Structures are given as structure tokens and as C-alpha cells.
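Protein chains in written order, with the numbering used here: chain R, 151 to 443; chain F, 169 to 299; chain B, 575 to 775. Every residue, glycine too, gets a C-beta built ideally from N, C-alpha and C. Bear in mind that the values here come from a model prediction, so they are computed numbers and not experimental data.
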Amino acid sequence: MAAPRSESAGPSSGASPAEYEALCSYLRQRTGLSFGENKRYYVERRVVERMGAVGARDFTAYLDLLRRQTSGEELQLLVNLMTVNETYFFREKYQFDCLVNSALDEVVRGRKPGDRIRVWSAGCSTGEEPYSIAIMLLEFWKRVDEFEIEVRASDIDSRALARAREGIYEERSLQFLPPHLITKYFAQVAPGRWQIIDELRESIDFSHVNLMDANGMARFHDLDVIFCRNLLIYFDDLGRREAASAFYDALAPGGFVFLGHSESMSRMSSLYLPRRFPEAIVYQKPRSDADAG
Amino acid sequence: MGDAARRVLVVDDAVTVRAYVRQVLEADGFAVEEAVNGIEGLERALGSPPDLLVVDVNMPKMDGYAMLRAVRREETLRDVPALMVSTEAKESDRLKALAAGANWYLVKPARPQALALAARLLTGRPVEATP
Amino acid sequence: MGLIKAGSKDKGAEAPPPAGDPLEALETGDASARRRAAQALAARPEVLCARLTREPDPGVREAILTALVRGGSPEAAACLLPFLEGEDVSLRNAAIEALQQMPPDSVMPHLDTLLAHEDSDVRIFTVQLVAKLPHPERLDRLVAVMEREPHVNVCLAAVEGVVELGRLEALPALDRLKARFPDDPVVAFTVEAAHRRVGQD
């Protein structure tokens with residue numbers, strides 16, 4: 151029996167269930183993002199908006215455009231509308247505490263002064279996470295001056311990335327920062343709006359990356375720490391598995407992955423060992439086959 | 169140790185097996201927690217070391233042998249007694265379990281009396297003489 | 575020291591070299607190269623499975639398995655099935671997981687032979703696989719196991735499958751199973767637990 155039509159007066163793309171599934175399948179394959187039948191209202195609203203913007207006469211024509219356009223621009227615009235961008239500074243701070251109090255000390259064991267440490271915020275959205283990492287490192291990691299630290303950040307949403315590079319935030323995003331850190335690392339640029347200081351903005355290497363694209367991912371290797379928090383929940387099982395595998399390849403042996411507080415590698419991938427630190431459980435790429443079990 | 173219930177972590181991907189072990193061991197005065205595979209088992213054990221591990225062999229993501237080997241490398245878990253449970257009944261399977269760090273091995277389906285007896289012995293609880 | 579400026583030259587890390595022939599790259603000493611080669615060979619499941627038996631690196635094994643799942647062909651399923659009979663626990667479980675994620679029509683047709691395998695453990699793994707495949711025939715197969723399979727652990731694997739599916743129409747078959755093993759407390763418990771869980775929905 152067919153599902154009843156939605157009772158809400160929401161917009162409709164006119165797509166049949168099969169066409170809707172074809173769109174979701176295409177998005178899943180290209181980006182890893184997974185939307186099921188229960189997200190149909192969410193997806194429909196955004197598809198209708200884009201159909202209007204490009205003047206597509208029907209859903210089939212729009213799906214055709216998505217698939218055939220070599221620039222990928224329309225796919226990018228649609229993806230930008232699909233991604234969820236709720237974040238703020240020092241979100242799930244216990245993990246940043248773990249980074250600077252525990253995980254990094256293990257990372258640098260055996261490293262020489264001046265060696266490079268590489269941290270990647272994967273799915274950085276509007277930038278609060280990589281900037282939080284940078285602030286935590288400068289303020290709280292005792293050994294920050296002994297090494298060269300590279301903080302990289304990436305997202306598939308080009309609009310969010312632009313805002314991340316710009317580094318301007320509303321007070322709501324800053325609410326968990328102590329006032330002295332706001333004074334130190336931000337400049338007020340308008341009532342209720344604050345911009346990250348240049349020195350920090352210039353220290354984050356932002357890039358546009360699709361986790362499912364092997365070519366774009368090739369630039370990420372020898373990483374010591376990856377933060378991927380509350381991004382993989384939008385992927386399906388195979389997408390999560392592939393993302394975890396891509397991170398594994400990007401990590402140096404012994405490197406760590408931080409997931410969101412409700413996420414676990416136990417549902418995603420066989421490649422990592424959970425490690426307990428006082429502040430958090432973190433996932434580690436085994437240093438050698440001996441550790442891999 | 170006093171009268172506080174011994175805590176058992178049951179690691180098995182089958183919901184019916186976890187429910188069965190829970191029923192048997194709770195009836196015998198143990199407190200039971202569950203995990204669905206070796207990675208989740210390791211996470212839970214690391215978060216709060218149990219008094220006994222009951223571990224299945226065949227599980228997705230991380231099998232029981234790999235989990236026990238990882239457990240034995242952890243200082244906080246090295247001495248936690250582990251009962252391995254499996255459908256496989258060859259002598260070589262038993263030896264593999266012991267080599268991975270199991271203290272005891274039971275073949276499924278584990279009878280309630282065998283399960284409870286093994287759990288008591290491994291956690292140092294008194295064992296009543298069976299008729 | 576401290577935070578370096580974005581875009582600074584990274585002396586330590588080199589970009590990966592360009593790919594060559596993936597068939598050759600699959601046999602090189604560099605795990606990253608083998609991984610990329612595996613991703614390029616999704617259309618050659620027999621090559622991937624052959625490599626799987628020899629591949630020591632977990633990341634490359636995973637790339638091979640996800641390439642096989644992405645390919646999803648009946649040939650890919652066929653070359654993974656022999657691992658169910660193998661002694662390597664980790665490869666066996668990995669093969670089962672991969673098969674579970676593949677299109678059910680690619681996998682299910684192969685399973686009848688394995689459901690009749692002489693080794694009861696292979697029959698157990700097969701029943702577990704049947705239970706996880708979203709295929710219209712899976713309940714029928716699970717019920718058939720409960721009615722005819724002689725080994726108790728294989729039957730219990732079928733009960734587990736039925737519980738996870740939560741299908742009321744399987745309840746009579748559960749009772750017939752219990753009657754076949756009247757003295758087994760584990761079967762009794764498991765069937766009762768199944769009734770409680772399935773009957774709830």
C-alpha cells in the first residue's frame with residue numbers, strides 16, 4: 151500500500167517514490183550523505199527551492215541537470231542546502247581537553263622538537279571546531295611551542311566554508327568561551343558580531359573536500375588527529391564504513407579519531423582500537439600489526 | 169569484596185544469547201551489562217572494568233579473540249577473568265581461546281548450571297556442591 | 575613553533591605518486607598504493623578476492639571489501655562465500671559482514687547450498703547471513719531451518735533471526751522447534767524470549 155501523501159501544505163517536487171529514491175541514491179553515491187523516506191519533507195523543500203532557482207520544468211529535468219552538469223555547481227548548491235550547520239565554540243569540550251591533556255602527549259612520544267603535528271577537522275562547517283582546536287592548543291597544550299602544528303579543516307558545504315574563512319560569529323556561538331579568551335582571540339566588528347583575529351584565521355588551512363572523492367582526499371595523509379564529530383550520522387552504513395576507511399588511510403600509525411559523543415566505531419568500522427584517556431574514549435589506528443589484534 | 173553484586177559484561181552479537189545469559193546470571197545474583205561486538209565490549213570494559221567478561225567468538229567488527237587480546241594488553245583489564253563461549257567445539261578452538269587470554273571456554277548452547285558455575289568460579293564466589 | 579601558517583610547505587609529507595596499472599599496484603609493497611588499486615578494481619571481484627587471502631594490511635583489506643560491496647555483483651558475492659568455510663576467524667567475519675551489505679539478490683541464490691553444508695558452523699554463519707539480508711524469502715528459509723535442521727545451534731541462529739525480524743507468523747514454527755528439542759533449557763528459554771519480544775509488536 152502506498153504511503154499516504156503528506157498532510158502538511160508543504161511544497162512538492164512532483165517526484166514519484168522511485169524518482170525520489172533515484173535522487174537519494176545519487177546523493178549517497180556522490181557525497182555519502184544519506185536521506186531516507188523519513189527525511190522526504192526536508193529534502194523536498196530544498197529540491198523545490200533549487201528547481202525554482204534553475205527553472206527546471208519538472209523533477210526529472212532537475213535530476214538530469216544534477217547528473218549531467220560537468221561543473222557540479224548545481225550539486226554543490228543543493229548539498230549546501232542539505233547540510234546541517236549547528237555548531238558553536240568549545241562544543242563537547244571534554245574532547246578538546248582530551249586532545250591537549252592526553253592524546254597529543256602520546257602523539258609526540260618519540261618526536262623531535264620542530265617536528266610537524268597534523269590535526270584535521272573533517273566536516274568543520276562554519277569553522278567553530280578548527281578555531282576551537284587552535285585556541286585550545288595555544289592556551290592549554292604545554293608543549294605547543296616545541297612543534298610545528300598544522301590545523302586543517304574541510305567541509306563539503308562551500309557556503310559554510312566561506313563563512314569559516316571569514317571567521318565572523320554571533321554571540322550565541324561564543325557563549326561557552328570564557329570572556330578573556332573572547333577578548334584575546336576575537337575583535338568585535340559589529341553589535342553582537344565578533345571576528346577571529348587574523349593570526350588565527352591565517353593558521354587554519356581550509357579546503358573544500360568531499361569525503362567520498364578519492365582525489366580530494368589524497369591531500370590528507372600522515373595525520374595525527376582527526377576530528378569528525380556529528381558528521382557521519384548523516385551517512386548510511388556503507389558510507390560510514392568508507393569514510394572510516396578513508397580516515398584510516400589518511401592517518402599516521404598511532405593516529406587518533408575523535409567522533410561525536412553519541413557515535414562509536416563499533417557501529418562503523420573494524421579498523422580502530424578504542425583507547426581510554428581520563429577525559430574521553432578515542433579511536434586509534436594501531437601503530438603496528440601487533441597492536442591490530 | 170563484600171556483598172555487592174559481581175558485574176558481568178556479556179559480549180555477543182545475538183540479542184537472544186545476551187538475554188539468555190542475562191537471565192541465568194541475574195538469577196544467580198550477578199549484575200549484567202551487554203555489548204554487541206568486540207569494539208563495544210572493549211569500550212564498555214575500558215569505561216568501567218567488570219568483574220567478569222563473557223565473550224562470544226564470532227561477532228562483526230571485532231571478534232572475541234581480538235577483543236580478548238586487546239583486553240589483555242590493557243593495564244586496567246589485564247586481570248579481569250574471561251569466559252569465552254562459542255559454537256565451535258574443536259580442541260583447537262579451545263586452545264585458541266586460552267591463547268587469546270580466556271580463562272575458561274564453554275561450548276554453546278551453554279547449560280544454565282555450567283554458565284553459573286563457571287561465573288562463580290571465575291569471580292571467586294562460593295560454589296555449592298552439585299548433587 | 576606553534577601553529578603554522580596555512581599553506582606552508584610541508585617538508586615531511588609527500589603527495590602520493592600517480593597511480594599506475596591497478597593490477598600491478600595491487601601487489602606492490604606500498605599499502606596506500608594497494609588501497610587505491612583496490613578501489614579501482616571494483617569491476618574485478620575475482621582479483622580482489624584472490625588478493626584478500628594474501629593481504630596483511632587491515633586498511634587494504636577494508637578497501638578490498640568495500641570495493642566488493644560497492645560492486646555488489648553476484649560474482650563478488652560468489653567469491654566471498656568460500657571464506658565462510660575458512661579457518662581465519664577475522665576474514666570469515668569480514669566476509670559475512672560484507673555479504674550482508676550487498677544487494678540481497680546477488681547473495682541469496684548462493685545460500686541454499688551452504689544451508690546444507692556438512693559443517694554445522696558453516697550452516698550457522700549462513701543462517702545468520704540469511705537473517706540479515708533484506709530479501710522476501712528470508713523468513714521462509716529461517717522457518718525451514720527451524721523445522722528441519724538437526725543441529726541445535728543452527729536452529730538457535732534461526733530463532734535469533736526471527737526475533738530480529740519480529741514477525742508474528744513465525745511464532746508457530748518456534749513452538750514446533752521447541753517440541754523438537756524438549757529437554758534443552760536454552761531452546762526453551764530462547765523460544766519463550768522470542769515469544770515475548772515478537773508478540774509485543
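Status (buried if at least 16 other CB within 10 Å, exposed otherwise) for residue i
{"i": "R:Phe377", "result": "buried"}
{"i": "F:Lys264", "result": "buried"}
{"i": "F:Arg209", "result": "Note that residue 209 of chain F is Gly in the sequence shown, not Arg. So F:Gly209 counts as buried."}
{"i": "F:Tyr188", "result": "buried"}
{"i": "R:Arg322", "result": "exposed"}
{"i": "R:Thr237", "result": "buried"}
{"i": "F:Val186", "result": "Sequence inspection shows Arg at residue 186 of chain F; the Val mentioned does not correspond to that position. Burial call: buried."}
{"i": "R:Tyr244", "result": "exposed"}
{"i": "B:Leu742", "result": "exposed"}
{"i": "B:Thr764", "result": "buried"}
{"i": "B:Lys752", "result": "buried"}
{"i": "F:Val295", "result": "exposed"}
{"i": "R:Thr333", "result": "exposed"}
{"i": "B:Thr687", "result": "exposed"}
{"i": "R:Ser412", "result": "exposed"}
{"i": "B:Asp714", "result": "exposed"}
{"i": "R:Phe246", "result": "buried"}
Nearest neighbour of residue i, chosen from the options [CA to CA]
{"i": "B:Ala718", "options": "B:Arg770, B:Pro708 and B:Val701", "result": "B:Val701"}
{"i": "F:Lys229", "options": "R:Met415, R:Ala340 and R:Glu223", "result": "R:Met415"}
{"i": "B:Arg750", "options": "B:Ser680, B:Gly660, B:Glu721 and B:Arg635", "result": "B:Glu721"}
{"i": "R:His371", "options": "R:Asn365, R:Ala393, R:Leu401 and R:Arg343", "result": "R:Leu401"}
{"i": "R:Met367", "options": "B:Gly594, B:Arg609, B:Thr602 and B:Asp604", "result": "B:Arg609"}
{"i": "F:Glu211", "options": "F:Val253, F:Leu245 and F:Asn226", "result": "F:Leu245"}
{"i": "R:Asp363", "options": "R:Arg180, R:Ser395 and R:Ser175", "result": "R:Arg180"}
{"i": "B:Ala762", "options": "B:Leu615, B:Ala744 and B:Val733", "result": "B:Val733"}
Three-state class that DSSP yields for residue i in the structure shown
{"i": "R:Cys348", "result": "The sequence given here places Asp at residue 348 of chain R; Cys does not occur at that position. Correct three-state label for R:Asp348: helix."}
{"i": "R:Ser158", "result": "Residue confidence is low: R:Ser158 scores 49 on pLDDT, short of 50, so the model does not pin down where it sits. No coordinate-derived value is stated."}
{"i": "F:Val176", "result": "strand"}
{"i": "F:Tyr273", "result": "strand"}
{"i": "B:His769", "result": "helix"}
{"i": "R:Ser123", "result": "Nothing in the structure corresponds to residue 123 of chain R, since chain R is present only between 151 and 443."}
{"i": "R:His371", "result": "coil"}
{"i": "R:Ser419", "result": "coil"}
{"i": "R:Ala152", "result": "The predicted model places R:Ala152 with a pLDDT of 45, which falls under 50 and marks its position as unreliable; any figure quoted below should be read in that light. Correct three-state label for R:Ala152: coil."}
{"i": "B:Ile578", "result": "coil"}
{"i": "B:Asp775", "result": "Here B:Asp775 scores only 48 on pLDDT, less than 50, and its place in the model should not be relied on; the value that follows carries that caveat. Here B:Asp775 sits in coil by DSSP."}
{"i": "B:Met676", "result": "coil"}
{"i": "R:Gln338", "result": "strand"}
{"i": "F:Met230", "result": "coil"}
{"i": "R:Arg259", "result": "coil"}
{"i": "R:Ile130", "result": "Residue 130 of chain R is absent from the model: chain R starts at 151 and stops at 443."}
{"i": "F:Glu200", "result": "Correcting the residue type first, residue 200 of chain F is Val in the shown sequence and not Glu. F:Val200: strand per DSSP, three-state reduction."}
{"i": "F:Arg237", "result": "helix"}
{"i": "B:Leu713", "result": "helix"}
{"i": "R:Asp315", "result": "Note on residue identity: the sequence assigns Arg, not Asp, to residue 315 of chain R. Of the three classes helix, strand and coil, the one that applies to R:Arg315 here is helix, per DSSP."}
Under 9 Å by beta carbon: chain F residues contacting residue i
{"i": "R:Ile100", "result": "There is no way to answer for residue 100 of chain R, as the model of chain R reaches only from 151 to 443."}
{"i": "B:Thr627", "result": "Neighbours of B:Thr627 on chain F: none; closest Cβ ~18 Å, over 9 Å."}
Per-residue contacts from residue i into chain B (C-beta, under 8 Å)
{"i": "R:Leu288", "result": "Gly576 and Leu577"}
{"i": "R:Phe209", "result": "Within 8 Å Cβ-Cβ: nothing; R:Phe209 doesn't reach chain B, min ~25 Å."}
{"i": "F:Arg279", "result": "Pro759 and Val760"}
{"i": "F:Met227", "result": "Asn667"}
{"i": "F:Thr184", "result": "Leu730, Val733, Glu734, Val737, Thr764, Ala767 and Ala768"}
Contact list for residue i against chain B, beta-carbon separation under 7 Å
{"i": "R:Val301", "result": "Leu577"}
{"i": "F:Glu194", "result": "Near F:Glu194 there are no residues of chain B at all, since even the closest Cβ is about 13 Å away, more than 7 Å."}
Chain R contact residues for residue i, given Cβ-Cβ distances below 7 Å
{"i": "F:Asn205", "result": "Ser416"}
{"i": "B:Cys606", "result": "According to the sequence displayed, residue 606 of chain B carries Ser and not Cys. What B:Ser606 touches in chain R: Asp399."}
{"i": "F:Glu208", "result": "Ser414 and Ser416"}
Within chain R, partners of residue i - CB distance below 9 Å
{"i": "F:Met230", "result": "Ser416, Ser420, Leu423 and Gly443"}
{"i": "B:Gln613", "result": "Ala364"}
{"i": "B:Thr640", "result": "Leu388, Arg391, Glu392 and Ser395"}
Chain R residues whose Cβ lies nearer than 8 Å to that of residue i
{"i": "F:Glu202", "result": "Per Cβ cutoff of 8 Å: no residues; F:Glu202 is ~12 Å from chain R at best."}
{"i": "B:Glu661", "result": "The contacting residues do not exist; B:Glu661 stays about 17 Å from chain R at best."}
Where residue i meets chain F, residues with beta-carbon distance less than 8 Å
{"i": "B:Glu671", "result": "Pro228 and Lys229"}
### the segment 426-433 of chain R contacting the segment 191-205 of chain F, beta-carbon criterion three pairs below 8 Å
By the Cβ criterion, the segment 426-433 of chain R is not in contact with the segment 191-205 of chain F, since fewer than three pairs of Cβ atoms, one from each stretch, lie closer than 8 Å.
### Query
How about the segment 294-306 of chain R and the segment 258-270 of chain R: do they share at least three Cβ pairs that are nearer than 8 Å?
yes
### Message
With three or more beta-carbon pairs closer than 8 Å as the criterion, would you say the segment 725-736 of chain B touches the segment 696-713 of chain B?
### Response
Yes, they touch.
### Query
Quick one: any contact between the segment 339-358 of chain R and the segment 307-320 of chain R, if contact means 3 or more CB pairs under 8 Å?
yes
### Task
Determine contact between the segment 218-232 of chain F and the segment 595-603 of chain B, defined as no fewer than three beta-carbon pairs at a distance below 8 Å.
no
### Query
Does the segment 254-266 of chain R come within contact of the segment 224-231 of chain R, defined as at least 3 CB pairs closer than 8 Å?
no
### Query
Touching or not, the segment 329-348 of chain R and the segment 380-396 of chain R, by the rule of three or more beta carbon pairs under 8 Å?
no
### Task
Inspect the CB distances between the segment 277-297 of chain F and the segment 213-227 of chain F and report whether three or more fall short of 8 Å.
With a cut-off of 8 Å on Cβ pairs, the segment 277-297 of chain F is in contact with the segment 213-227 of chain F, counting three or more such pairs.
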